[in-house]
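Add 178 to the 1-based position in the sequence shown for UniProt numbering, that's all there is to it.
Beta carbons are placed, not taken as given, at the ideal position from N, Cα and C, and that holds for glycine.
These numbers were taken from a predicted model, which means no experiment stands behind them.
Data block below; observations after.
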Amino acid sequence: LGDGPLKGRHVIVTSGPTHEPIDPVRYIANRSSGAQGTALARALRDLGARVTFVTGPAAVPPPGGVEVVAVQTAVEMRDAVTAALPADAAVFAAAVADWHVVNASGSKMKKDGSGKSPELDFAENPDILATVASMKKGRPKLVVGFAAETDDVQAHAEAKRARKKCDWIVANDVTPATGIMGGTENAVTLITGNGAEEWPRLPKDEVARRLAVRIAESLV
Ligand code: C5P
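Spelled out as structure tokens, the structure:
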């Protein structure tokens, strides 16, 4: 573990999409690449933190020098985060599926010739960010959520910060025309208890470095 302002600190980072099975070979997923969460884990590591990196099936490899916990589903991600506590800070960059399929099939679903389509029943997944941010005992000192929005980014993100009881929200505009989701750059608004800061459009690595510095400053 390196030296630096986060030496001796434990930070949990969630990243990537989740996969919610339909049957043994099919799943529901989303377009998160895991790029921003991965960059953040690397930046926190570079400032000396011990990082537990809880990642869904991402398109980019995890960084070295962090403890990688690979998961598939939201429930597995929740369990991995809970098991990794306590932590000084927790950053929730994962794009967690809102629902899982309750009646997922244990064997591969097949067309039966009747022309009928399968019916999937959904149930809500646990909100990992809200769960950790609401902890009465052992809550990390700093809990950071992300908000991927397509309209009214700041207003929605402020509301999300209040609803989920997290300390900060990193909001970004994922309208397809921005190229942010799956791209190498990000334009974020950092929302803290002291208001909103609009950051310029920057490479995701640079957004990660600046966020890691702010996290380090908030933990002193
Ligand atoms: O409500 P929404 O999904 O937009 O909130 C996004 C934030 O909440 C992200 O930080 C995401 O990682 C986190 N989240 C979570 N568990 C969920 C859903 C979202 O940790 N089930």
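Let me check one thing: in DSSP terms, what residues is residue i bridge-paired to?
i: Asn364; result: Leu380
i: His188; result: Arg228
i: His278; result: Ala301
i: Asp201; result: Arg204
i: Glu245; result: Thr230
i: Val322; result: Val269 and Trp346
i: Ala374; result: Ile369
i: Glu327; result: Asp351
Any idea what DSSP makes of residue i, helix, strand or coil?
i: Pro195; result: strand
i: Ala271; result: coil
i: Arg317; result: coil
i: Thr260; result: helix
i: Gly215; result: helix
i: Ile369; result: strand
i: residue 478; result: Outside the displayed span of the chain (179 to 398) sits residue 478, for which this structure offers no information.
i: Gly308; result: The displayed chain sequence assigns Ala, not Gly, to residue 308. In this structure, Ala308 counts as helix in the three-state DSSP scheme.
i: Ala340; result: helix
i: Val238; result: coil
i: Gln250; result: coil
i: Val398; result: coil
i: Arg209; result: coil
i: Ile358; result: coil
i: Met255; result: helix
If I measure Cβ to Cβ from residue i and keep anything under 8 Å in the same chain, skipping five residues before and after, which residues do I get?
i: Ala238; result: The identity of residue 238 in the sequence shown is Val, whereas the question assumes Ala. Contacts found: Ser211, Gly212, Ala213 and Thr216.
i: Gly284; result: Asp201 and Pro202
i: Val331; result: Ala325, Ala349, Asn350, Asp351 and Thr367
i: Thr370; result: Asp345 and Trp346
i: Met359; result: Arg209, Ser210, Ser211, Ala326 and Val352
i: Ile306; result: Thr192, Ala252, Met255, Arg256, Val259, Phe270, Ala272 and Val274
So residue i packs on residue j, CB below 8 Å; how close in whole Å?
i: Val189; j: Val229; result: 5 Å
i: Val280; j: Asp299; result: 5 Å
i: Thr251; j: Ser193; result: Between Ser193 and Thr251 the Cβ distance is about 15 Å, and since that is not below 8 Å, they are no contact.
i: Asn208; j: Pro195; result: 5 Å
i: Pro381; j: Thr362; result: 6 Å
i: Pro240; j: His197; result: Rounded, the Cβ-Cβ distance is 16 Å, inconsistent with contact.
i: Gly323; j: Lys294; result: Contact flag wrong, Cβ pair sits at about 41 Å.
Once you ignore the five residues that flank residue i on each side, which residues in its own chain have a CB closer than 6 Å to its CB?
i: Ala365; result: Arg379
i: Leu225; result: Gly182, Pro183, Leu184, Ala390 and Ala394
i: Ala267; result: Val189, Pro318, Leu320 and Ile393
i: Glu245; result: Thr230
i: Ala227; result: Leu184, Arg187 and Val189
i: Arg387; result: Ala221
i: Pro264; result: Gly316
i: Arg223; result: Val229, Gly243 and Val244
i: Gly247; result: Going by the sequence as given, residue 247 is Val instead of Gly. Excluding positions up to five away in sequence, the list reads Val232 and Ala258.
Within 8 Å of any Cβ in chain C, is that where the Cβ of residue i sits?
i: Lys289; result: Absence of chain C from the displayed structure is noted, only one protein chain being present.
Give me, in chain order, the residues of the same chain whose beta-carbon lies closer than 7 Å to that of residue i; leave out the 5 immediate sequence neighbours on both sides.
i: Asp276; result: Glu302 and Asn303
i: Lys286; result: Asp201, Pro202 and Val203
i: Val376; result: Note that residue 376 corresponds to Glu in the displayed sequence, not to Val. Within the same chain, Glu376 has close Cβ partners Thr367.
i: Ala282; result: Pro199, Ile200 and Asp201
Quiz item: Got a list of residues with beta-carbon closer than 5 Å to any non-hydrogen atom of ligand 1, in chain order?
Solution: Phe270, Ala272, Val274, Asn303, Asp305, Ile306, Leu307, Gly323 and Phe324
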